[in-house]
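Protein chains: 2
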Amino acid sequence: MSTTLLKDEPTAEATEAAAKPPISEVDRKLHTAQDLFIRRWGEMGQTWGINRTMAEIHAFLYITGMPQCTDDVMERLNISRGNASMSLRALCDWGIIRRLHKRGERREYFESLSDVWEMFSIIAAERKRREMDPVLETIKQCQKMLDESALGKSAARKEAVALTRHRLQGMEEFMVVTNKIFQQFVGNARSGLNRVARVLLKALG
Amino acid sequence: MSTTLLKDEPTAEATEAAAKPPISEVDRKLHTAQDLFIRRWGEMGQTWGINRTMAEIHAFLYITGMPQCTDDVMERLNISRGNASMSLRALCDWGIIRRLHKRGERREYFESLSDVWEMFSIIAAERKRREMDPVLETIKQCQKMLDESALGKSAARKEAVALTRHRLQGMEEFMVVTNKIFQQFVGNARSGLNRVARVLLKALG
DNA sequence: CTATACTTTCAGTAAGTACTGAAAACAGGA
DNA sequence: TCCTGTTTTCAGTACTTACTGAAAGTATAG
């Protein structure tokens, strides 16, 4: 295992199901605190459409701040090799963790980005691209369909078309502005509070 | 059916699986455009942890801009009464659609909020409460655990604890600022671009 | 009170998603 | 070349979530 937390006293302090609970007072506390965070993070991820295990792996890498190998992950989170491998790859694809070779070691290590703002930017950019952009495109497509041929004969039909057009417009406006905000996050991401955050904090007290 | 789109010519223009495709040129286009939007919205919802059907129902109510009853929803989206009933209730609970009685009618109608910014505010506020707040609380709890007893004997242990503490702090800072931004959205929600959006647009060009 | 029109609930099931474990593939060393 | 330690893939399965349809519930009208 890569971690510097080595087991000293294999005391029979069997804490529940968690894999190999450690050792000294300090280590135990550290371990417990980390697990607390990891689990919460996993739960949150889930409700945002990110699978629990992936979120937990990321939380583990983030919170320890140390490179960990596949076996570390498997052991700490009690998951299979296959699952670990695929989830780690997915996280790499997202760009919020990265692979890491250690001199003279065969196995690969992984570490999380350290800057939360940067991670957020990456995620926001990707989700915008994958989810907002297609919606915006669809809205434009809808608008085109209703712009050209526009109007029926009866008042009721005109009304119905007008309503839908109006709703499309409202949504479009919202998304365009939202996208601009996202863009700013993305463009100014690095190191600590970025421009958007600073602007907001100043303007809003 | 409540909608003003009555079937005139039941022409054999059977367009795929979609429930009873309508009628005149205009109606057909309107219907198609709406369906396009509805489906995209459903897909997006799904990746944000909102179930597809709920998102589609909401999209339907939003995009038509007209009050619709349970049967309208069932028919348009091809879903069962039970599903429609439960999803409509859930949307009401979120507060982004509302029940509506029509004079002299027994059945209930539903309509979507019309202001996208308001809807967004409601959703953001709720998700903050349900997902961010618990994480923040957990972070504080972790910090407390590591603050008190702090440090082990060996340098390696000190290092490990320090790392985790640092990471917790980074995440906390991020969430506090994010929460402030959310707060602003919530506090200034009504009618079109709110203060946050205006501030951002001005400040960022 | 009964009939009618509509809504809600929920057990059972279908559909979808995540996970395992073993086999295959890969890469460096001998 | 083969051996060894490691990662990746994927068929099968376990688990989770969403949906249906029918029965029970509610409310209004007669």
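As they're listed, the protein sequences go chains A and B.
Numbering follows the numbering used here, with no gaps: position 67 of the first sequence is 67.
Numbering follows the numbering used here, with no gaps: position 86 of the second sequence is 1086.
Beta carbons: idealized from backbone N, C-alpha and C, even for Gly.
Because the structure is a prediction, the values reported are computed rather than measured.
Between residue i and residue j, how many whole angstroms is the CB-CB distance? I'm expecting something under 8 Å.
{"i": "Thr-1053 of chain B", "j": "Asn-1083 of chain B", "result": "6 Å"}
{"i": "Thr-138 of chain A", "j": "Leu-1036 of chain B", "result": "6 Å"}
{"i": "Thr-178 of chain A", "j": "Gly-1065 of chain B", "result": "That belief does not hold up - the Cβ atoms of Thr-178 of chain A and Gly-1065 of chain B are roughly 21 Å apart, past 8 Å."}
{"i": "Glu-43 of chain A", "j": "Trp-94 of chain A", "result": "Not a contact, Cβ separation roughly 19 Å."}
{"i": "Gly-49 of chain A", "j": "Gly-1049 of chain B", "result": "4 Å"}
{"i": "Arg-1107 of chain B", "j": "Cys-1069 of chain B", "result": "5 Å"}
Which value, in whole angstroms, describes the spacing of the CA atoms of residue i and residue j?
{"i": "Ser-1154 of chain B", "j": "Phe-1174 of chain B", "result": "31 Å"}
{"i": "Asp-133 of chain A", "j": "Leu-1146 of chain B", "result": "43 Å"}
{"i": "Gly-45 of chain A", "j": "Leu-1136 of chain B", "result": "14 Å"}
{"i": "Lys-1128 of chain B", "j": "Thr-1047 of chain B", "result": "18 Å"}
{"i": "Tyr-1109 of chain B", "j": "Trp-1117 of chain B", "result": "23 Å"}
{"i": "Arg-130 of chain A", "j": "Ile-1063 of chain B", "result": "22 Å"}
{"i": "Asp-1115 of chain B", "j": "Leu-61 of chain A", "result": "41 Å"}
{"i": "Ser-80 of chain A", "j": "Met-74 of chain A", "result": "6 Å"}
{"i": "Leu-91 of chain A", "j": "Lys-102 of chain A", "result": "20 Å"}
{"i": "Ile-1096 of chain B", "j": "Ile-1023 of chain B", "result": "31 Å"}
{"i": "Ser-121 of chain A", "j": "Arg-1167 of chain B", "result": "17 Å"}
{"i": "Lys-1140 of chain B", "j": "Leu-100 of chain A", "result": "31 Å"}
{"i": "Ala-55 of chain A", "j": "Arg-40 of chain A", "result": "9 Å"}
{"i": "Arg-1089 of chain B", "j": "Lys-144 of chain A", "result": "34 Å"}
{"i": "Ile-1123 of chain B", "j": "Phe-1182 of chain B", "result": "10 Å"}
{"i": "Ala-1059 of chain B", "j": "Asp-1072 of chain B", "result": "13 Å"}
{"i": "Asn-206 of chain A", "j": "Lys-1180 of chain B", "result": "No statement about residue 206 of chain A is possible, as the shown extent of chain A runs from 1 to 205 and does not include it."}
{"i": "Val-206 of chain A", "j": "Met-1119 of chain B", "result": "Residue 206 of chain A lies beyond the residue range present for chain A, which begins at 1 and ends at 205; the question has no answer from this structure."}
{"i": "Glu-172 of chain A", "j": "Ala-1160 of chain B", "result": "48 Å"}
{"i": "Leu-1113 of chain B", "j": "Leu-113 of chain A", "result": "40 Å"}
{"i": "Glu-25 of chain A", "j": "Ile-1038 of chain B", "result": "56 Å"}
Please list the terminal residues of the continuous beta strand (DSSP E) segment that includes residue i.
{"i": "Leu-1100 of chain B", "result": "1097-1101"}
What three-state label does DSSP hand residue i in the structure shown?
{"i": "Ala-1018 of chain B", "result": "Because the pLDDT at Ala-1018 of chain B is just 46, under 50, the model does not fix this residue reliably, and the value given afterwards should be weighed accordingly. Of the three classes helix, strand and coil, the one that applies to Ala-1018 of chain B here is coil, per DSSP."}
{"i": "Ser-112 of chain A", "result": "strand"}
{"i": "Thr-4 of chain A", "result": "Low per-residue confidence applies at Thr-4 of chain A: pLDDT is 36, beneath 50, and the placement is therefore not dependable, though the value from the model is reported in the following sentence. If DSSP states are grouped into helix, strand and coil, Thr-4 of chain A belongs with coil."}
{"i": "Glu-1009 of chain B", "result": "Because Glu-1009 of chain B carries a pLDDT of 35, less than 50, the predicted location of this residue cannot be relied on, and the following value inherits that uncertainty. Coil."}
Are the beta-carbon atoms belonging to residue i and residue j less than 8 Å from one another?
{"i": "Ala-162 of chain A", "j": "Cys-1142 of chain B", "result": "no"}
{"i": "Ser-1087 of chain B", "j": "Ile-1057 of chain B", "result": "yes"}
{"i": "Pro-1067 of chain B", "j": "Glu-1111 of chain B", "result": "yes"}
{"i": "Arg-1076 of chain B", "j": "Asp-27 of chain A", "result": "no"}
For the alpha helix (DSSP H) holding residue i, just list the boundary residues, first then last.
{"i": "Arg-107 of chain A", "result": "Taken as a continuous stretch (DSSP letters only), Arg-107 of chain A belongs to no alpha helix (DSSP H), as it is neither H nor E."}
{"i": "Ile-1038 of chain B", "result": "1025-1047"}
{"i": "Gly-82 of chain A", "result": "81-94"}
{"i": "Ile-1057 of chain B", "result": "1052-1064"}
{"i": "Arg-1129 of chain B", "result": "Element bounds for Arg-1129 of chain B: n/a, residue is neither H nor E."}
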